Structures are given as C-alpha cells and as structure tokens.
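Position one of the sequence shown corresponds to residue 11 (the numbering used here), numbered consecutively onward. Glycine included, each C-beta is placed from N, C-alpha and C at the ideal position. Values in this document were obtained by computation on a predicted structure and should not be read as measured data. Structure record follows, encoded as structure tokens.
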Amino acid sequence: MIYKALGSTEEKVPAIGLGTWAIGGEATPDYSKDRELIDAIAAAIDMGYTHIDTAEYYAAGHTEELVGEAMRQYDRSDLFVTSKVWPDNLTRERLPASLKGSLKRLGTDYLDLYLIHWPNRQVPLTETLEEMAKAVDAGTVRFIGVSNFDLPLLEEAVAASRYPIVCNQVLYNVEDRQPRHALLPYCQNNGITLAAYSPIRRTNLSREAEEVLKAVAKNHGCSIYQIMIAWLISQENVITIPKSTTIKHLKENLESATIKLSEGEISRIDKEIG
11 MIYKALGSTE EKVPAIGLGT WAIGGEATPD YSKDRELIDA IAAAIDMGYT
61 HIDTAEYYAA GHTEELVGEA MRQYDRSDLF VTSKVWPDNL TRERLPASLK
111 GSLKRLGTDY LDLYLIHWPN RQVPLTETLE EMAKAVDAGT VRFIGVSNFD
161 LPLLEEAVAA SRYPIVCNQV LYNVEDRQPR HALLPYCQNN GITLAAYSPI
211 RRTNLSREAE EVLKAVAKNH GCSIYQIMIA WLISQENVIT IPKSTTIKHL
261 KENLESATIK LSEGEISRID KEIG
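Right under this line is the structure:
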C-alpha cells in the first residue's frame, strides 16, 4: 500500500481507503444484509483497508453501526476512521450531539478525521469550525476537514479554523475533473489532502478517453477501473475511497496501489481527458 501524509501533518494515511456510502441503505436503513455487510467490512480490513470513511447521513446512521460492529474485532489504533457531520447539524447546539452519536454508533471514543459533509450557508462557518476545534481540544477528534467545498469556501475555512484543515473530500475522477484545475493545485500548495470519492465513475467518457484507458490497462494487465484509481493516486496529495462489498472488487481496488503508471501514460490520460 502507498501511504501519504494527511495534509501537512506527520500522520500517514493509505492512498486507498474504504468508502461506505449505501452500505446498509442510502438515506434510510436497510437491515436485510447486515451480517453479510459486517463480514465484508471485516474482510476489507483483513486485506489492508485501514482507512474507513463513513458519515452520519449514510443510512441514517446505520452504516456507522455496521462499521462499528466490524471494527470491534480489531485494534482501534490500527484503523483510521473518518466520519462526517450533516449540514443540518453544523450549529453549536447540534454538532456536539451529532459527534456523540457517531462515536456511539462506531463504538469508539474518538474519530481520526471529522469532516463537514456539505457546506451550509445558513450556519456561520466560524461557528462550526469552533465546535470542531473544541472536539479536537477534548480528544474526541484528532483532525478536522471539509467535504464538497469549492475553492473560495475552502480558503474561507482555512482562514477561519483554529486547527489545520487537513482534507477536502470531493467528487473527482477521470470523468469529473473540475477539481484538478484550481482546487487540487491549491491543496497541493497549502498542505491539504484531496480525498476523491466515486473514483471509478465512467458514465460519460468520450470514446477517445475510453480507448486511452483501455490501452493503458492492457499494458498493465489490469482493468480500466484499476487504471482510473492508479491515475488518481499518482497525483500529489490525492487519496481515494472506492466503495465495494465484494471480495473480488475489494482486492482489485486495493491492488491498484501497485500499478505504477509511467509519465508517458499519465500524460496520455491527462491529455485525453482535459
């Protein structure tokens, strides 16, 4: 596994973590496959997925419960756990209870990384960041960051926070490339990790881009999806959190870290996708 610095800290995080959106339901809980999903998360940890990304919104908290159940089998200090606070809960009155709920469902007394899931302009950013800073002061959160923040809002958060904003988690892949033009360079220049979610989306790629990705995949004897992940993590400050619950895909995603793209291959991909 490749490890990268978390922001400008000395903490190292895996370049490939485990995303958990839609595990145990989407906006509402689905309890029908709990045992199977707990086992899948545990299998992922056994393979080497030590960074697990979740959120209170996922399945209305049930995803955190499933992650927590799977985590019980392991030494907590071996895992890096990220969760996110929903926009409705960003006020000084609601954020502490929101964090407490996440900790309870996950069965842990601290989060490694706590993110603002989406911005909420109805709540002053300074208010939210101060509550998150208090959690760091109290030891219930180690690091803080944001998710789905554009560049102006990220700059505002960096300026307003008592503690470093170490991460911005955003939609970024070969199809959704907007972050690479301004947001990613800012993160690279300011010691902020960019965590890419939905790394293997390919619903609207051009035929030319598909052909380049297929050619590179053929060179490495791997899938196009593995090339998409390898391309992401070849970039400075970028990590990613693909989601899967099947052993085959979990292994394939993790093996993407072993694929070393040449400068020529990266240039071909970059040129084709724009």
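Have a look at the options and flag the residue whose alpha-carbon is nearest the alpha-carbon of residue i.
| i | options | result |
| --- | --- | --- |
| alanine 37 | Ile234, Met11, Met57, Thr73 | Thr73 |
| valine 176 | Asp186, Glu165, Asn158, Ile154 | Ile154 |
| serine 157 | Arg217, Asp63, Asn263, Arg86 | Asp63 |
| glutamine 83 | Val133, Ala50, Gln245 | Ala50 |
| serine 272 | Leu28, Asn229, His259, Thr255 | Asn229 |
| valine 151 | Ser93, Ala167, Phe159 | Ser93 |
| valine 184 | Gln198, Ile257, Ile276, Val133 | Ile276 |
| serine 244 | Ser216, Lys261, Glu262, Ala206 | Ala206 |
| arginine 217 | Leu193, Ile283, Tyr196 | Ile283 |
| tyrosine 67 | Glu75, His61, Thr60 | Glu75 |
| tyrosine 120 | Thr138, Val133, Arg86, His127 | Arg86 |
| isoleucine 279 | Leu100, Leu242, Ala80, Asp40 | Leu242 |
| histidine 61 | Asp44, Pro39, Ile12, Gly201 | Ile12 |
Can you pull the DSSP bridge partners for residue i?
| i | result |
| --- | --- |
| asparagine 178 | Val156, Leu204 |
| alanine 15 | Lys22 |
| valine 151 | Leu121 |
| histidine 61 | Phe90 |
| leucine 194 | None, per the DSSP bridge assignment. |
| proline 162 | Answer is none; proline 162 lacks a bridge partner. |
| proline 291 | What the structure shows of the chain is the stretch from 11 to 284, and residue 291 is not part of that stretch, so it cannot be assessed. |
| glycine 29 | Asp63 |
Helix, strand or coil: which one does DSSP assign to residue i?
| i | result |
| --- | --- |
| valine 146 | helix |
| arginine 252 | Per the sequence presented here, residue 252 reads as proline, with arginine not at that position. If DSSP states are grouped into helix, strand and coil, proline 252 belongs with coil. |
| glycine 284 | coil |
| glycine 274 | helix |
| proline 209 | coil |
| leucine 215 | coil |
| isoleucine 269 | coil |
| valine 184 | coil |
| tyrosine 173 | coil |
| glutamate 141 | helix |
| glutamate 262 | helix |
Mind listing, in chain order, the continuous beta strand (DSSP E) runs of no fewer than 3 residues lying wholly within the region 64-134?
Listed in chain order, the beta strand (DSSP E) elements of length 3 or more contained wholly in the region 64-134 are 90-95, 121-126.
Would the region 249-264 count as touching the region 17-34 if we require 3 or more Cβ pairs under 8 Å?
Enough Cβ pairs lie closer than 8 Å, so yes.
Taking 8 Å as the threshold, find out whether the region 262-271 comes into contact with the region 223-243 through three or more Cβ pairs.
Remark: three or more beta-carbon pairs, one from each stretch, lie closer than 8 Å, so the region 262-271 and the region 223-243 are flagged as touching.
Counting Cβ pairs, one atom from each stretch, are 3 or more of them under 8 Å apart for the region 138-146 and the region 96-110?
Yes: at least three Cβ pairs fall under 8 Å.
Any contact between the region 85-100 and the region 114-131? By contact I mean 3 or more CB pairs, one from each, below 8 Å.
The region 85-100 vs the region 114-131: in contact.
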